[in-house]
Amino acid sequence: MDRRSGSTVSRILEEARDRFLALAGEAPPAGGLALLREVGLEAFAEQGLPDTKQEEWRYTRLTPLAEIAWTNAPAAIGVKQSSLEAAAEPVFGCEPVVFVDGRHRAGLPGGAGAGEVAALAESAEAPALLGTLAEARSHPFVGLNGALCQDGARVTLRGEAPCLVHLVFAEATEAAASHPRVLIEAAPGSRGTVIVDHVSLEETTHLANAVLEVEVGANASLDLVVLQRQGKRSFHAGHVAGRVERDGRLRTHTLTLGGAFVRNDLVVTLVGEGAECAMKGLYLGTGEELIDNHTWIDHSVPQCRSDELYKGVLAGRSQGVFRGRVVVRPDAQKTEAQQSNPNLLLSDDAEIDSKPQLEIYADDVKCSHGSAIGRLDPEALFYLRSRGIDVDEARALLTRGFAGEVLAALPEPTLAEAVGALFSERLERAGESP
């Protein structure tokens, strides 16, 4: 716990804001991103970095992030070619499009699957939707992203044939901050999966502040997989803002496998009748990591459905935070909404702060919510031990079983297999094998 005075913390946050604003003046020309940069800079200058007096940041101290003298990410100078090639490997069924330290890396093998992918910095004009779904003033890190964004991707899905797109955002440089932007447009009737994959090429201290804007058209279906598997010294802020039109379906899979600091915000608005949203999340904390998940599903029209399941596994002295908000507007009759946040604590020192919330302003609805905190079942452990399985393997089996429900919902079996292996590897590497 940070025991410094409120005035000291405020000074640290203000100095960090000023350093970020100075970086905006040093950032390279933005081309089609100029308006996004201008609006973001103005918003962040007003907002700055929040402190724990704000309810949305009550359990999330930003002083560790604010005390680092971040720099604008360079063009990945000095990164090993072998590391770059590893980032471009087609591990999830298609060749990825790779960004290093926030910028598109030309010259690497990689494609766009069956979708249309364009680097934002290479466009003279910004797409019309850019900056309208994730507004700069809606969140301090969205404003910061806009102020310092140097590149990102526009993904367009068309047609009924399912397509798969894999974007890799790889961080490499010590004390560098990148602010990538992704705009995903699923045209009416389209089908597809987009994987946004955050990795570390080197074991450095770095900040990835990513913003994703997602538009799901009428009768379109999109699976959005956000996989955060950066190093233990990484700082990560991720914001997803989605809008789903009539009879559209958005399924999000937020998979967080650790980092010194991780903040995930996910906001989805259902704007057309018959729209559906399914949110699945799995977060793993080890050591002294902090993982903070904030979600918001807004039912603004009738006859929409949402289903949210976030599961946490916390070991060591790690801390998890879950704030899940579901709002049902007065006109949103016939709404169905479920929300659940079970958590598994693997040590006495791990901590979870969970607060699922329902705000219902309509009367003809079916809604439920809940959270749970528990430990490995001693009877199940005893049963496995009685079958000749040693205690470490028994604990590992039960922990993987707990995570399995979220992994099974992934759209590709190979993806579920790969993420499951990463989940187990992270626990073992941290010396927290269950």
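So for the sequence shown, my numbering puts the first residue at 1405; every next one is plus one. Heads up, the beta-carbon is just placed ideally off N, CA and C, and yes, glycines get one too.
Spatial neighbours of residue 1662 in its own chain (CB-CB distance under 7 Å, excluding positions within 5 residues in sequence) are listed in chain order as 1636, 1688, 1689, 1690, 1693, 1830. For residue 1496, there is no enclosing alpha helix (DSSP H), as DSSP marks it with neither H nor E. Per the Cβ contact rule, the stretch 1656-1671 is not in contact with the stretch 1444-1457 (fewer than 3 Cβ pairs under 8 Å). At a cut-off of 3 residues, the continuous stretches assigned as beta strand (DSSP E) that sit fully inside the stretch 1735-1803 are 1739-1749, 1755-1764, 1769-1778.
Two segments are said to touch when three or more pairs of C-beta atoms, one from each, lie closer than 8 Å; by this definition the stretch 1790-1798 does not touch the stretch 1754-1762. Taking C-beta separations shorter than 8 Å and ignoring five residues to either side along the sequence, the partners of residue 1769 in its chain run 1732, 1736, 1737, 1738, 1739, 1740, 1741, following chain order. Between residue 1443 and residue 1535 the beta-carbon gap is near 6 Å, inside 8 Å, which marks them as a contact. By the Cβ criterion, the stretch 1544-1559 is in contact with the stretch 1578-1586, since at least three pairs of Cβ atoms, one from each stretch, lie closer than 8 Å.
Judged by beta-carbon spacing, residue 1473 lies beyond the 8 Å limit of residue 1684, meaning their Cβ atoms are not closer than that value. Residue 1747 and residue 1724 have their alpha carbons spaced roughly 9 Å apart.
In chain order, 1622, 1676, 1677, 1678, 1679 place their CB closer than 7 Å to the CB of residue 1650, counting only its own chain and leaving out the 5 sequence neighbours on each side.
In this structure, residue 1579 lies near residue 1609, with their beta-carbon atoms less than 8 Å apart. Annotation: residue 1470 to residue 1639 spans about 11 Å, alpha carbon to alpha carbon. When rounded, the separation of the alpha-carbon atoms in residue 1730 and residue 1714 is 14 Å. Rounded to whole angstroms, residue 1600 and residue 1819 show a C-alpha spacing of 12 Å.
For residue 1753, the closest alpha carbon among the candidates 1719, 1707, 1698, 1647 is that of 1719. In this structure, residue 1483 places its C-beta atom within 8 Å of the C-beta atom of residue 1504. Take residue 1593, set aside five residues on each side of it, and the residues of its chain with a beta-carbon closer than 8 Å to its own are 1563, 1564, 1621, 1622, 1623, 1624, in chain order. DSSP, read as helix, strand or coil, puts residue 1549 in helix.
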